[in-house]
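Report on one structure; see the data block that follows.
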Amino acid sequence: MDTDTDVTVEERAGALTDLEPAEPDVPDFFGGDGPSSCDWEDGWCSELADHYILEYCSYPDCKDDHASRYCLRHYVINLGLKLDHLRDCPGMIEARTPDEVRRVAFEHVPGFGAICRDPDGRAVGAASADAAAPASGSDGPQPTDEQLDGEIGRLQEQTHFYGGAYDELRMSEATTIDDLRAWLDGLELNHCVWSVWYFSWADDAAMWLQETRYDTSWEKPYSTRHYDPVANEVEWTAYDEASIERRNLIFPKLVTEQDPDSGKLRYWYTCDSLRAKEMLESGQLTDDASQSVPGTFAIVEARTNTVLPVTSGSWIQWKALYDGDQNQLTARDAASFRRLMAPYLDYYDESKPLDRAKAKAKAADIERRLNLAIRDGVKPE
Numbered sequence: 001m002d003t004d005t006d007v008t009v010e011e012r013a014g015a016l017t018d019l020e021p022a023e024p025d026v027p028d029f030f031g032g033d034g035p036s037s038c039d040w041e042d043g044w045c046s047e048l049a050d051h052y053i054l055e056y057c058s059y060p061d062c063k064d065d066h067a068s069r070y071c072l073r074h075y076v077i078n079l080g081l082k083l084d085h086l087r088d089c090p091g092m093i094e095a096r097t098p099d100e101v102r103r104v105a106f107e108h109v110p111g112f113g114a115i116c117r118d119p120d121g122r123a124v125g126a127a128s129a130d131a132a133a134p135a136s137g138s139d140g141p142q143p144t145d146e147q148l149d150g151e152i153g154r155l156q157e158q159t160h161f162y163g164g165a166y167d168e169l170r171m172s173e174a175t176t177i178d179d180l181r182a183w184l185d186g187l188e189l190n191h192c193v194w195s196v197w198y199f200s201w202a203d204d205a206a207m208w209l210q211e212t213r214y215d216t217s218w219e220k221p222y223s224t225r226h227y228d229p230v231a232n233e234v235e236w237t238a239y240d241e242a243s244i245e246r247r248n249l250i251f252p253k254l255v256t257e258q259d260p261d262s263g264k265l266r267y268w269y270t271c272d273s274l275r276a277k278e279m280l281e282s283g284q285l286t287d288d289a290s291q292s293v294p295g296t297f298a299i300v301e302a303r304t305n306t307v308l309p310v311t312s313g314s315w316i317q318w319k320a321l322y323d324g325d326q327n328q329l330t331a332r333d334a335a336s337f338r339r340l341m342a343p344y345l346d347y348y349d350e351s352k353p354l355d356r357a358k359a360k361a362k363a364a365d366i367e368r369r370l371n372l373a374i375r376d377g378v379k380p381e
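So the sequence shown is residues 1 to 381, counted in UniProt numbering.
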């Protein structure tokens, strides 16, 4: 499989070694650039960002700040979902000592907080760390599945994008490979090269999922990291894909960015993914339905040599920004994500005015609970 970049993926991959974890860069929000708009991933938000969340990075030479900036509404959602995940994370469940708890928590969310600060350095409008607001779905009455479906459907109708496009596909037992191909073929402002295959049951083998970055601004543009099952990262097989996805252990994602003048890819990032060329050559992908692992599909992107595994229970979301120069495809289990959304429906619904005092208290409580794990080694409850 050929890739549409200035490096040959296969040649680079053979020379790579596993990279040691590194401390994340501290973001500089105060360099005179002024505030930015919210980086909300699941929609378009025009609010100014006043909070940030850092992503852990294991690449020593990475030049990114690894910070996503959010308005208060979307900060509560994103930080709350990270806390909710930590409760059920296999690594956190396996952690036996405070140091192990700290490490797992830090690798999930190494930094977060308010961006805007007053001259004394205190976060503007910061709520007390002792504020007590529900931070998980275990507090208060829970909506029924029908209510959740209705609310989520209504919220998706409110989604608007400017200079881009949005689409989604809710997979089901009735979804066929042709349905998935037709949906991908119809994506607007798409610069990726998609195909869909089955996973072969005859050649199903344990695989290491990977995280890959390609960035032409780097001296060595291509870097990858294979997941380590010994460190409680997912070991993947097509047969186990449905179970892994239902437990919310993977969130396959591919983000690509092309040069608007040349059309060549200048950046891509993918996680919870596999390599297409190797799987095709080894017979792990097939177009024969009679040889397939039931209920699983391989979305293949040719330019990046990427396989995104999905199932008949996946919720696939597509986003194109900057007139299609940036594309993003993500997939996750629809049922588990629906449950995760339940405590935050009021925050997802942008038609409802935000109660900022309540939101600040909720954010402070989430921060307090996360800091107990990161600083004190206490497992989230």
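Ideal placement from N, C-alpha and C gives every residue a C-beta, glycine not left out.
| said: So within the segment 54-117, which uninterrupted alpha helix (DSSP H) runs reach at least 4 residues, ignoring any that extend past its ends? | reply: 72-88, 90-94 and 98-108
| query | How about residue 106 and residue 374: do their beta carbons lie closer than 8 Å? | reply | Within the sequence shown, the letter at position 106 stands for residue 106. Within the sequence shown, the letter at position 374 stands for residue 374. Yes, the pair counts as a contact, with Cβ atoms nearer than the cut-off.
| Which residues in the same chain as residue 337 place their Cβ atom closer than 7 Å to its Cβ, once the five residues preceding and following it in sequence are excluded? | Counting from 1 along the sequence shown, the entry for residue 337 is found at position 337. Closer than 7 Å at Cβ, skipping near neighbours: 315.
| field | Backbone CA spacing between residue 372 and residue 304 [nearest angstrom] | value | Position 372 of the sequence shown, counted from the start, is the residue given in the question as residue 372. Position 304 of the sequence shown, counted from the start, is the residue given in the question as residue 304. Distance between the alpha carbons of residue 372 and residue 304: 40 Å.
| residue 289 burial status per 10 Å Cβ neighbour count (16 or more: buried) | For the purposes of this step, residue 289 is taken as the residue at position 289 of the sequence shown. So residue 289 counts as exposed.
| query | Does the beta-carbon distance from residue 83 to residue 92 come in below 8 Å? | reply | As a first step, residue 83 must be located in the sequence shown, where it is residue number 83. As a first step, residue 92 must be located in the sequence shown, where it is residue number 92. Not in contact: residue 83 and residue 92 (Cβ atoms no closer than 8 Å).
| request: Can you tell me which of the three DSSP states residue 365 falls into? | output: The sequence position of residue 365 within the sequence shown is 365, counting from 1. If DSSP states are grouped into helix, strand and coil, residue 365 belongs with the helices.
| task | Examine the Cβ distances between the segment 267-280 and the segment 294-311 and report whether three or more of them are shorter than 8 Å. | result | yes
| said: Rounding to the nearest angstrom, what Cα-Cα distance links residue 369 and residue 52 in this structure? | reply: The residue you call residue 369 lines up with position 369 of the sequence shown. The residue you call residue 52 lines up with position 52 of the sequence shown. C-alpha separation (whole angstroms): 17 Å.
| message | When you compare the CB of residue 212 with every CB in chain C, is at least one pair closer than 8 Å? | response | Of the protein chains in the structure, only one exists, and it is not chain C.
| Just to confirm, are residue 70 and residue 39 a CB contact at a threshold of 8 Å? | In the sequence shown, counting from the first residue as 1, residue 70 sits at position 70. In the sequence shown, counting from the first residue as 1, residue 39 sits at position 39. Cβ atoms of residue 70 and residue 39: closer than 8 Å.
| field | Under the three-state DSSP convention, the category residue 277 falls into | value | Here residue 277 corresponds to residue number 277 of the sequence shown, with the count starting at 1. Residue 277: helix per DSSP, three-state reduction.
| message | Just to confirm my understanding: we take residue 238, look at its own chain, exclude 5 residues before and 5 after, and list those with CB closer than 6 Å. What are they? | response | Locating residue 238 in the sequence shown gives position 238, counting from the first residue. Contacts found: 199, 204, 293 and 296.
| said: If you follow the beta strand (DSSP E) that residue 214 is in, where does it begin and where does it stop? | reply: Within the sequence shown, the letter at position 214 stands for residue 214. Counting along the chain, the beta strand (DSSP E) containing residue 214 begins and ends at 210-215.
| field | CB of residue 320 within 8 Å of CB of residue 180, strictly | value | Along the sequence shown, read from residue 1 onward, the residue named residue 320 stands at position 320. Along the sequence shown, read from residue 1 onward, the residue named residue 180 stands at position 180. Cβ distance not < 8 Å, so residue 320 and residue 180 don't count as in contact.
| Per DSSP, what kind of secondary structure is residue 235 in: helix, strand or coil? | For the purposes of this step, residue 235 is taken as the residue at position 235 of the sequence shown. Looking at residue 235 - three-state DSSP - the assignment turns out to be strand.
| message | Measuring alpha carbon to alpha carbon, tell me which residue in 352, 254 and 329 is nearest residue 165. | response | Position 165 of the sequence shown holds residue 165. Checked all of 352, 254 and 329; the closest Cα to residue 165 is 329.
| query | With DSSP run on the structure shown, which of helix, strand or coil describes residue 223? | reply | The sequence position of residue 223 within the sequence shown is 223, counting from 1. DSSP places residue 223 in the strand class (E or B) of the three-state scheme.
| said: Let's see if you can read the secondary structure: which residues bound the alpha helix (DSSP H) around residue 184? | reply: On the sequence shown, residue 184 is found 184 positions in, with the first residue counted as 1. Run containing residue 184: 177-185, per the alpha helix (DSSP H) assignment.
| task | Would you kindly report the start and end of the unbroken alpha helix (DSSP H) that includes residue 242? | result | Counted from its first residue, the sequence shown places residue 242 at position 242. Counting along the chain, the alpha helix (DSSP H) containing residue 242 begins and ends at 241-246.
| field | One or two residues paired with residue 304 in a DSSP bridge | value | Here residue 304 corresponds to residue number 304 of the sequence shown, with the count starting at 1. Beta-bridge pairing links residue 304 to no other residue.
| said: What does DSSP give as the partner residue(s) for residue 196 in the beta ladder? | reply: As a position in the sequence shown, residue 196 is number 196, starting the count at 1. Paired residue(s): 299.
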